[in-house]
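**Q** The structure is given below, and queries will be raised subsequently.
Numbering (full-length UniProt numbering), first residue to last: 1 to 136.
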């Protein structure tokens, strides 16, 4: 028997992680269980809000590409595009940046037609920068 009281099990320093947010997992499940017609439906306001939160990245460069995409396309984004965006968000920051900068192309094993089309839109939006007028 120890002479001092032992700490309660909840007092352990390293109890591990709880895992990913369940709400984001539910969004992915909602998107993947849709029919072809449902994939062309506009994304709901709630799903768009969750997707935007999911798209926050660690690299500023990725955030700029994603922000430009949402500025131009969020009003008419479909469920299929949201699923493609989820697929891209599963990549590491460096892999995503390589795709956006055309350093590499998506692999057919995980990238379907929706992912390729979305990536093309994101690349186009990221490449278009406003012209800077010379100051006189």
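The beta carbon of each residue, even a glycine, is placed where N, CA and C say it ideally should be.
Would you mind sorting residue 81 into buried or exposed? The rule is 16 or more other CB atoms within 10 Å of its CB.
**A** By one-based count along the chain shown, residue 81 stands at place 81. The residue is buried, with at least 16 neighbouring Cβ atoms inside 10 Å.
**Q** Just the C-alpha distance for residue 106 and residue 60, rounded to the nearest angstrom, thanks.
**A** To locate residue 106, count along the chain shown from 1; it is residue 106. To locate residue 60, count along the chain shown from 1; it is residue 60. Near 21 Å, if we compare the C-alpha coordinates of residue 60 and residue 106.
**Q** Anyone know if the C-beta pair for residue 122 and residue 70 falls short of 7 Å?
**A** On the chain shown, position 122 is the one that residue 122 refers to. On the chain shown, position 70 is the one that residue 70 refers to. No; because the gap between Cβ atoms is not below 7 Å, this pair is not in contact.
**Q** Straight-line CA distance for residue 108 to residue 79?
**A** Here residue 108 is taken as the residue at index 108 of the chain shown, counted from 1. Here residue 79 is taken as the residue at index 79 of the chain shown, counted from 1. Approximately 21 Å between the Cα atoms of the pair.
**Q** In its own chain, which residues sit with a C-beta less than 8 Å from the C-beta of residue 91, not counting the 5 before and 5 after it?
**A** As a working note, residue 91 is residue 91 in the chain shown. Cβ neighbours of residue 91 beyond the five flanking positions: 99.
**Q** Considering only DSSP beta bridges, list what residue 42 is partnered with.
**A** As a working note, residue 42 is residue 42 in the chain shown. DSSP, once it has assigned bridges, lists 78 as partnering residue 42.
**Q** My output table needs one value for residue 49: the three-state DSSP class, helix, strand or coil.
**A** As a working note, residue 49 is residue 49 in the chain shown. In the structure shown, residue 49 sits in a helix (DSSP, three-state: H, G or I).
**Q** With residue 111 as the anchor, note down where its alpha helix (DSSP H) starts and where it stops.
**A** The count along the chain shown starts at 1 and reaches residue 111 at position 111. From DSSP, residue 111 is part of no alpha helix (DSSP H); its letter is neither H nor E.
**Q** Return the first residue and the last residue of the alpha helix (DSSP H) that residue 68 is part of.
**A** As a first step, residue 68 must be located in the chain shown, where it is residue number 68. Run containing residue 68: 60-73, per the alpha helix (DSSP H) assignment.
**Q** Residue 85 and residue 48 look like a contact to me (Cβ under 8 Å); what is the Cβ gap, rounded to whole Å?
**A** Along the chain shown, one-based indexing puts residue 85 at 85. Along the chain shown, one-based indexing puts residue 48 at 48. Actually they are not in contact, since the Cβ atoms of residue 85 and residue 48 sit about 10 Å apart, beyond 8 Å.
**Q** Could you give the distance in angstroms between the alpha-carbon of residue 130 and the alpha-carbon of residue 72?
**A** To locate residue 130, count along the chain shown from 1; it is residue 130. To locate residue 72, count along the chain shown from 1; it is residue 72. With a pLDDT of only 48 at residue 130, under the threshold of 50, the placement of this residue in the model should not be trusted; the figure read from the coordinates follows. Distance between the alpha carbons of residue 130 and residue 72: 14 Å.
**Q** Less than 6 Å between the CB of residue 63 and some heavy atom of the ligand MG, yes or no?
**A** Within the structure as shown, the ligand MG is missing, as the structure has no ligands at all.
**Q** For residue 98, report the span of its alpha helix (DSSP H) as first-last.
**A** The residue you call residue 98 lines up with position 98 of the chain shown. That run of the alpha helix (DSSP H) goes 93-100.
**Q** Is residue 116 buried or exposed, if buried means 16 or more other CB atoms sit within 10 Å of its CB?
**A** For the purposes of this step, residue 116 is identified with residue 116 of the chain shown, where counting begins at 1. Answer is exposed; the Cβ neighbour count stays below 16.
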